[in-house]
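In UniProt numbering, the protein residues as written are 1 to 903.
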């Protein structure tokens, strides 16, 4: 019988009094479950705050409830699923039991003798936000996360017959063996326990099995075997139910049902982690139980959404950080398929042994039957009480492995935030199983997807790697009820997620989805000789590719005025027989005329029918878009004049001013007015030594060009103005150094005038040198926004940044539009500069060129909260232009075409 609601979406109001902070000193009401800060009470504390464990903030709760008369002969328990942090409970003025200490753990009291059956009962709870036990504060309250107070998980009462089953502990292994410890209260003689396994649709599996209970028994052992059970794994999360019943004189007096899965976990020393005999690598993420408007109070639908998003990124594992989670989250991991590292709280501090022993037992008793849980974490980053390892060893019927995150312990190296080269050294030359329980610490847009491709390819390749866990899932932004509802991340402490506080998807979300796809496509340029064969690799662990399905689509991508209509052709491809860890060929049978289309999309679906990823294969090159859209000839003429320090050029109603000394575009205007695109091209990480310009007509085209000189003007700029009004810019240039962050050319344009872009290339998300994956080739209409990743207003995709494989871009402005084309492959578009962000270690400092709009042939990588870009892997290093500058034929060449007609 619930006395509270069941989650943040279903609550019950209790009487409430807060002793300090917001709305304190008066009796009112509060929804239960909840964290009281999010309801406008007390004070917000981030774990690093100096007063976060010194406050005397308390919440006093009262609730009236009835106890059915029929419960009078039963054992009645009052159960709290989670209270932050110390909790004293009274029923009808009498203490229900000792004060419970520890926020994230279920606790209960036998209140049979305290209740008024058939009448009104008063429940009183005094909750202290900070514990009187300093070890609890060290483990839970001094952490890198928000600290809340309150009854944040459900409260209920439950009634049992005097003789009843308290709980069961199960061990069901891949060979079909089933063992159970059945914990019995008030056992009487002449009783027995019977059990039956069922499929989820209610069919009996095997025969019932029974055992006798002897008076005074507290634990009864039972076992059976199932022939060829369907095994549980993350790819095939097969589950069963088992029903245990106490019978006395042929009458069932109590039954319980428990869901479970058959699976075997093996830790093979100096080798790896095996599930059902298959070696596993974890594609994992660390997750807080958190929602911006409700704090740690969650619900079944929130757990479902989280697990679905984690699975959608092609992950197979999640780490509870830094405490055990809600029951419904484990249920979702069981049913949808995620490996779980379940964690006893401890963040750089740990529980004392008596407290930790009780809390570890509570966690194991509550969670041990979930097949998703494959390891236990004893604390985090130094928050390890080694005395508690024995508790896990003795209490868990499955004897799952215990690790100490951030330590080398029991054959596992779980050190956090290892640099790429350090990790490779351990994979190649170490002897422990390497499994960082935190890596690539996100901060704003850095980390997570950035650097992951390098890390994952090494993890996949080397046998001692068991994968790892990204930090972390979602930005830790909380609604400030004391600051008009703003979202607060406590500076750079909280914006470290793959998704925003309300689970807004950042670019890293899709990069991870592609990098961790269990189907990997070999890179392929599609040429006219394409025979429809695509090389793929199976990186599933249990799934044959023939259990998946594939769809393809041919699309035309209309761009600008000479486009064709977008008529798609769709089809399916037969999934080939490719076993896990093997390679093979996917044959896409394309129709005649396929090469008249612009792009081929191939989408893979898993055995669960969910999309794995959609890959795009361009069928056209940038030069093909130039050919369709750039007009070179018309009946008009190019007019040219020299005046003072400028070349004055006009064609087809468009007027240009070029600086005679440096060749830069100074002004553009058409019949509608001036277009504020100018002051370029300015070479980034090179020198603008364009000199000695000459002009000439080649037919009807005007060519303005600088003179090459090996010593003084070795970079060359050429403008070609066509009678149509189109302008071609060709730059031959040399990077200033062998090792460079950004290479390309810049122009100026007032940011306040931009409304958006219509962009042809890979999108819609921006990229970094060490995060290129996750996008698709297409045409993207991107309205302007000023979002900084990890900060309000969390509008994604961001607008400002780098975009890959530009073919063309139409700039939409408050005045009129203009369009830029290129026949360069692999060109990057840069749109403005996000606000400068950093961290105290100066690892996260994204580099942007000067100017406002740029066309780049090399872009920088991005760092994480804990690493500079170059330590995240080879893709994070600077761009290398070896030998550029030694000869004129080794220069970089960039060609752009501009349409300033305003159409």
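Ideal placement from N, C-alpha and C gives every residue a C-beta, glycine not left out.
Who are the Cβ neighbours of residue i in its own chain at under 7 Å, not counting the five residues just before and after it?
i	result
residue 199	205 and 240
residue 576	545, 546, 584, 585 and 586
residue 904	Any property of residue 904 remains undetermined from this structure, which presents the chain solely from 1 to 903.
residue 138	349 and 350
residue 292	477, 478, 479, 487, 501 and 502
Using a Cβ-Cβ cutoff of less than 6 Å, which residues in the same chain neighbour residue i once the five nearest sequence positions on both sides are dropped?
i	result
residue 561	Any reading at residue 561 is ruled out, since the residue's pLDDT is 49, under 50, leaving its predicted position unreliable.
residue 849	684, 742 and 746
residue 870	876 and 877
residue 858	743 and 879
Does DSSP classify residue i as helix, strand or coil?
i	result
residue 415	coil
residue 561	Here the model assigns residue 561 a pLDDT of 49, short of 50, so the residue's position is not dependable, and the following value carries that caveat. In the structure shown, residue 561 sits in coil (DSSP, three-state: anything other than H, G, I, E or B).
residue 309	helix
residue 594	helix
residue 698	strand
residue 734	coil
residue 710	coil
residue 569	strand
residue 456	helix
residue 334	helix
residue 581	coil
residue 227	coil
residue 69	helix
residue 423	helix
residue 622	helix
residue 329	helix
residue 237	strand
Using a 10 Å radius around the Cβ and a threshold of 16 neighbouring Cβ atoms, would you call residue i buried or exposed?
i	result
residue 418	buried
residue 739	exposed
residue 661	exposed
residue 399	exposed
residue 697	exposed
residue 36	buried
residue 762	buried
residue 483	exposed
residue 85	buried
residue 4	buried
residue 422	exposed
residue 311	buried
Under 8 Å, do residue i and residue j count as touching if we go by C-beta distance?
i	j	result
residue 797	residue 830	no
residue 785	residue 795	yes
residue 442	residue 865	yes
residue 364	residue 396	yes
residue 296	residue 152	yes
residue 260	residue 172	yes
residue 788	residue 861	no
residue 26	residue 17	yes
residue 598	residue 551	no
residue 155	residue 166	no
residue 497	residue 474	yes
residue 231	residue 262	yes
residue 119	residue 109	no
residue 680	residue 665	yes
If you drop the 5 nearest sequence neighbours on each side, which residues of the same chain put their C-beta closer than 8 Å to that of residue i?
i	result
residue 221	179, 180, 181, 182 and 211
residue 202	none
residue 277	174, 264 and 266
residue 47	141, 142, 143, 144, 145, 146, 147 and 347
residue 213	184, 187, 188, 189, 191, 192, 193, 220 and 246
Threshold first: 4 residues or longer. Then list the alpha helix (DSSP H) segments lying entirely within the region 348-384, N to C. Taken in chain order, the complete alpha helix (DSSP H) segments of 4 or more residues contained in the region 348-384 are 353-367.
Could you give the uninterrupted runs of the beta strand (DSSP E) lying entirely in the region 83-107, keeping only those of 3 residues or more? Restricted to the region 83-107, the beta strand (DSSP E) segments that are unbroken, complete and at least 3 residues in length are 86-91, listed in chain order.
Secondary structure, alpha helix (DSSP H): runs of 4+ residues fully inside the region 475-538: Counting only unbroken stretches of 4 or more residues, the alpha helix (DSSP H) elements lying wholly within the region 475-538 are 507-515, in sequence order.
In chain order, what are the residue ranges of uninterrupted beta strand (DSSP E) at least 3 long that sit wholly in the region 798-849? Entirely contained in the region 798-849, the beta strand (DSSP E) runs reaching 3 residues are, in chain order, 801-803, 808-813, 818-822 and 828-831.
Every unbroken beta strand (DSSP E) inside the region 116-162 [3 residues or more]: Taking only runs of at least 3 residues, the beta strand (DSSP E) segments lying wholly in the region 116-162 are 120-128 and 155-160.
Which runs of the alpha helix (DSSP H) fall wholly inside the region 179-208 and span at least 4 residues, in chain order? If we require 4 residues or more, the region 179-208 turns out to have no alpha helix (DSSP H) run fully inside it.
Sequence ranges, beta strand (DSSP E) only - wholly within the region 615-697, length at least 3: As far as the region 615-697 is concerned, its whole beta strand (DSSP E) runs of at least 3 residues are 638-643, 646-651, 654-659, 665-670, 673-675 and 678-684.
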